[in-house]
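A.B. asks:
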Amino acid sequence: RHVPSFTLRELSQVTSSYVSLQVGGRSLFDEIVHRCSQDEDVDTEVLADLAHAFSTSQHKPKAFLSGVCNLVVQRFRDFSPQQLVRIVGAYSEKARDVPPQFFTELLSILLESDGRLLQNL
Numbered sequence: 556r557h558v559p560s561f562t563l564r565e566l567s568q569v570t571s572s573y574v575s576l577q578v579g580g581r582s583l584f585d586e587i588v589h590r591c592s593q594d595e596d597v598d599t600e601v602l603a604d605l606a607h608a609f610s611t612s613q614h615k616p617k618a619f620l621s622g623v624c625n626l627v628v629q630r631f632r633d634f635s636p637q638q639l640v641r642i643v644g645a646y647s648e649k650a651r652d653v654p655p656q657f658f659t660e661l662l663s664i665l666l667e668s669d670g671r672l673l674q675n676l
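As numbered in our numbering, residues 556 to 676 make up the sequence shown, in order.
#1: Measure the beta-carbon distance from F634 to A606 and round it to whole angstroms, keeping in mind my assumption that it falls under 8 Å.
#2: Quick check: what's the CA-CA separation for F584 versus C624?
#3: State buried or exposed for R632, treating a residue as buried only when at least 16 other CB atoms are found within 10 Å of its CB.
#4: So the alpha helix (DSSP H) V569 belongs to, where does it begin and stop?
#5: Taking the alpha helix (DSSP H) that F657 falls in, what are its first and last residues?
#6: Give the DSSP-derived three-state secondary structure of F634 in the structure shown.
#7: On the CB-based measure, 16 or more other CB atoms within 10 Å of its CB, does S560 come out buried or exposed?
#8: So, helix, strand or coil for S612, using DSSP?
#9: Give me the Cα-Cα distance between E660 and V588, rounded to the nearest whole angstrom.
#10: Hey, out of L665, I664, L639, whose CA is closest to E600's CA?
#11: Do S610 and E586 have their C-beta atoms within less than 8 Å of each other?
#12: Do the CB positions of D596 and S621 come within less than 8 Å of each other?
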């Protein structure tokens with residue numbers, strides 16, 4: 556009921572806490588998915604935190620990860636190496652459901668960096 560009043564950063568903290576404690580009902584996670592899908596200007600740190608939290612959530616991990624996948628792909632080059640590791644880790648949990656463009660763009664970034672990206676991890 557109060558989810559729209561949270562900033563996305565606060566929402567990522569709440570989501571991480573709820574997932575860690577394994578609390579929160581399906582309707583709460585539905586609302587979080589809905590709220591996140593409304594904002595395309597998500598900070599990369601928040602996006603990485605939410606993807607990580609939802610990948611380990613009992614409610615709606617596939618819905619969230621699918622819902623923000625295009626945004627993640629568009630923002631791939633904006634993520635720090637550490638954020639990128641969390642994003643890839645989150646999507647690897649549901650690799651079967653990840654569209655090919657995710658992996659194509661990821662490989663493109665890794666190849667373009669000539670190994671510099673991996674050295675920064």
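Idealized CB from N, CA, C, for every residue including glycine.
C.D. replies: A quick look at the data gives this:
#1: About 10 Å; that fails the 8 Å criterion.
#2: 17 Å
#3: Its Cβ having fewer than 16 others within 10 Å, R632 is exposed.
#4: 563-576
#5: 655-667
#6: coil
#7: exposed
#8: Note: S612 maps to coil in three-state DSSP.
#9: Answer to the nearest angstrom: the Cα atoms are 24 Å apart.
#10: L639
#11: no
#12: no
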